[in-house]
Amino acid sequence: SSAARFDLGTGELEEAATAYGDALTVFTRKRFPMDWASTQNNLGSVYQTLGQRARDPARLEQSVAAFRAARRIYTRRAFPLDWAMTAYNLGNTLQLLGGLSDKPEHYRDAAMAYRDALREYKRETTPRQWALAQAGLGSALHWLSMAEGDTKSLAESVAARRAALEVQTFETAPVDWANAQNGIGMSLLNLGTLERSGKYLDEAEAAFQATLKVFTRESQPLQWAFAQNNLGDVHWNRASQGGGDAEYMKAIEFFENAKQGFAEAGYTIPIPLTDKKIELVKQQLAKK
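In this note's numbering, the protein residues as written are 7 to 294.
Have a look at this one:
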């Protein structure tokens, strides 16, 4: 499985890629179509992991090509669940590519791939795969909206991630649940900022607060710090939309918390930006 391969070292993965490539010269598409498709899917997973680790777009492009090759055999009519699996895998690779390229078309193609997967993955019959595909779709749409400034994609992102929460519950999958809540919060925060909507900001605040049921300061200081930062952004936006001095003060408090959390987690990269935010909030408050 892909998960097992992810535990392999990079050298072992490179060897696996070579072995799968060699296998394709034996298991040709014409003579052994099923073995050929399975090998292409495995090759796609290996290249995906290598590309993700090395942040290497060339490896990710190889992953895309391999998954697309597998889909030439895994047609929806003949092999609906294999077709959905390769669509989901393809979506994951395209989303990783988007993260490196910042090209909207990678996120757009990823969203299309996840939607393909959801044509066969159903909540009733394949709930885990359905939830993962919904979560992937929500993430791809969020980043597509960031690349294009499109509020429609943000609203669709929230809907997809909320759908995933029907399966990824706090009780059964707390970390997945918290990550989904964080994603929902980010999309709602951006919606609230772009549309100057207090309702979206209120919903974003509730989502970020929900993540703190899982991401405690003691157990997950880095995730806790990001949640504090996000809550600071909510209050800062609210203040900018006429929310009053108390909102500025709350924003400063949350940003100070975030700084402490980043320091405790040994992750100093965001601290200068957080300091800058605190400085800007204080300047805005002083001008009132």
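Even glycine gets a Cβ: it sits at the ideal position worked out from N, Cα and C.
Since the structure is predicted, the reported quantities are computational estimates derived from the model, not experimental observations.
Where residue i falls: helix, strand or coil (DSSP)
{"i": "R11", "result": "Only weak support exists for where R11 lies, its pLDDT of 48 falling under 50; the value from the coordinates is given anyway. Three-state DSSP puts R11 in a helix."}
{"i": "F261", "result": "helix"}
{"i": "A231", "result": "helix"}
{"i": "E224", "result": "coil"}
{"i": "I284", "result": "helix"}
{"i": "E21", "result": "helix"}
{"i": "P180", "result": "helix"}
{"i": "Y240", "result": "The residue you asked about is not Tyr; residue 240 is Val in the sequence shown. Correct three-state label for V240: helix."}
{"i": "L207", "result": "helix"}
{"i": "V70", "result": "helix"}
{"i": "Q54", "result": "helix"}
{"i": "R134", "result": "helix"}
{"i": "A271", "result": "coil"}
{"i": "E201", "result": "coil"}
{"i": "G250", "result": "coil"}
{"i": "Y113", "result": "helix"}
{"i": "Y80", "result": "coil"}
Nearest to residue i (by Cα), restricted to the options the options
{"i": "T131", "options": "I190, A93, P86", "result": "P86"}
{"i": "A76", "options": "L150, M255, F232, L30", "result": "L30"}
{"i": "G142", "options": "A23, T45, A119, R125", "result": "A119"}
{"i": "N188", "options": "G144, G155, D156", "result": "G144"}
{"i": "F220", "options": "K128, L279, T175", "result": "Note that residue 220 is Val in the sequence shown, not Phe. The shortest C-alpha separation from V220 is found at T175."}
{"i": "E21", "options": "P39, N48, R35", "result": "N48"}
{"i": "R35", "options": "Y80, Q101, E126", "result": "Y80"}
{"i": "L138", "options": "L102, W183, K288, Y254", "result": "W183"}
{"i": "K265", "options": "A233, Q290, L150", "result": "A233"}
{"i": "W149", "options": "Q226, T178, A117, V32", "result": "A117"}
{"i": "K288", "options": "E270, G272, A25, E262", "result": "E262"}
{"i": "R134", "options": "V164, P110, R114, A90", "result": "A90"}
{"i": "N98", "options": "M152, R82, S69", "result": "S69"}
{"i": "I258", "options": "L286, E270, R78", "result": "L286"}
{"i": "L200", "options": "T178, N243, E209", "result": "N243"}
{"i": "Q40", "options": "S203, R78, G204, G27", "result": "With the sequence shown as reference, residue 40 is identified as Met, and Gln is not the correct amino acid for it. Answer by Cα proximity: R78."}
{"i": "I190", "options": "S203, R202, E209, K205", "result": "E209"}
{"i": "Y127", "options": "D108, D28, R82", "result": "R82"}
{"i": "A271", "options": "I284, F260, A231, K256", "result": "A231"}
{"i": "A64", "options": "A292, I284, L106, L195", "result": "L106"}
Distance CB(residue i)-CB(residue j) smaller than 8 Å
{"i": "A166", "j": "Q140", "result": "yes"}
{"i": "L207", "j": "V240", "result": "yes"}
{"i": "G280", "j": "N235", "result": "In the sequence as displayed, the identity of residue 280 is Thr instead of Gly. A contact, by the Cβ cut-off of 8 Å."}
{"i": "P276", "j": "F268", "result": "yes"}
{"i": "E211", "j": "L228", "result": "no"}
{"i": "T157", "j": "L197", "result": "yes"}
{"i": "D122", "j": "A93", "result": "yes"}
{"i": "L66", "j": "L14", "result": "no"}
{"i": "Q298", "j": "Y254", "result": "Nothing can be reported for residue 298, as the shown portion of the chain is limited to 7 through 294."}
{"i": "S163", "j": "S203", "result": "no"}
Inter-residue CB distance, residue i and residue j (contact presumed, cutoff 8 Å)
{"i": "N95", "j": "G57", "result": "13 Å between Cβ atoms; not a contact."}
{"i": "A1", "j": "A170", "result": "An answer regarding residue 1 cannot be provided, because it is not within the stretch 7 to 294 covered by the chain."}
{"i": "T55", "j": "L19", "result": "6 Å"}
{"i": "H112", "j": "L124", "result": "No, H112 and L124 are not in contact; Cβ-Cβ is about 19 Å, not under 8 Å."}
{"i": "A72", "j": "Y53", "result": "6 Å"}
{"i": "T16", "j": "R61", "result": "That belief does not hold up - the Cβ atoms of T16 and R61 are roughly 13 Å apart, past 8 Å."}
{"i": "P110", "j": "A153", "result": "4 Å"}
{"i": "K294", "j": "D251", "result": "7 Å"}
Below-8 Å beta-carbon distance, residue i vs any chain B residue
{"i": "R37", "result": "In summary, chain B is missing from the structure at hand, where a single protein chain is found."}
Exercise. Can we say the stretch 214–229 touches the stretch 246–255, given the rule of at least three CB pairs closer than 8 Å?
Worked result: no
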